[in-house]
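Asks:
Number of protein chains: 2
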Amino acid sequence: MTRSDYSYKDKKVITIGIVSELTGLSERQIRYYETRKLLFPERSKTGIRKYSFEDIEILIEIANQLEDGIWTSEIRKELQRREQNLNKAAL
Amino acid sequence: MTRSDYSYKDKKVITIGIVSELTGLSERQIRYYETRKLLFPERSKTGIRKYSFEDIEILIEIANQLEDGIWTSEIRKELQRREQNLNKAAL
DNA sequence: CGTGTAAGGAATTCTGACACG
DNA sequence: CGTGTAAGGAATTCTGACACG
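Those protein sequences? They're chains A and B, same order as listed. Sequential numbering from 2 applies to the first sequence in the working numbering. Sequential numbering from 2 applies to the second sequence in the working numbering.
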């Protein structure tokens, strides 16, 4: 992936209804995973949540892991581990 | 740009309010350019317009050309010419 | 713990029209 | 021609809560 493409994947521009369609998850589920700190949508000035394509991929992974009986607390740890490795790689 | 990144740029998932912010254009302008056949957003089942990152780039170009005094009919021709070349290249 | 739902309000989007030029 | 706006209605999103388990 080149630098310029990178921006598309990470830009938070998708509203929750569309994320729900794209992932097959309910809005309730998507908002709940946020309270569990599994993903971090941005907000418009008026409070509307905005997600990125990356968030959508994370949500699909979350759904898979939950199906395997993994708790959100475990999923969070895994996601954080991954973030740390990315940060290391960036140094 | 690799094949997998391609999908992000072309997926129609952004609502008009966000497109308006991203481009600096009014919703009125964005809808008008659609009637002039300069871009083709998709619609949700209930009729809400959905745009792609590609649409956003097209809109920015449109705005620049209009500033130069070019008519939408001319801009359309240019965009269509470009589409044809892309189709040729794909063969 | 993870998810569904009804509740009420606020923000968003849509269309067709009048206006200016 | 290209764009602003007020108008009324429909669709979307938000939060906090009750429920089940």
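Think of the CB as a built atom: it goes at the ideal place given N, C-alpha and C, for glycine as much as any other residue.
(1) If you reduce the DSSP assignment to three classes, tell me which class R82/A lands in.
(2) By how many angstroms is the C-alpha of G25/B removed from the C-alpha of R83/A?
(3) Express the C-alpha separation of S27/B and G48/B in angstroms, rounding to a whole number.
(4) Closest to S21/B by CA distance: which of S74/B, R50/B, Q85/B and K46/B is it?
(5) Does any CB atom of chain B fall closer than 9 Å to the CB of F54/A?
(6) Within the same chain, show all residues whose beta-carbon is closer than 8 Å to that of R29/B, passing over the 5 residues directly before and after it, in chain order.
(7) Put R32/A into one of helix, strand or coil per three-state DSSP.
(8) Quick check: is the beta carbon of T24/A nearer than 9 Å to any beta carbon in chain B?
(9) Here's the rule: buried if 16 or more other CB atoms are within 10 angstroms of the residue's CB, otherwise exposed. What is K46/A?
(10) What did DSSP end up calling I15/A once you bin it into helix, strand or coil?
(11) At the 9 Å Cβ level, is I59/B part of the contact set with chain A, yes or no?
Replies: According to the data block:
(1) helix
(2) 36 Å
(3) 19 Å
(4) R50/B
(5) yes
(6) none
(7) helix
(8) no
(9) exposed
(10) strand
(11) no
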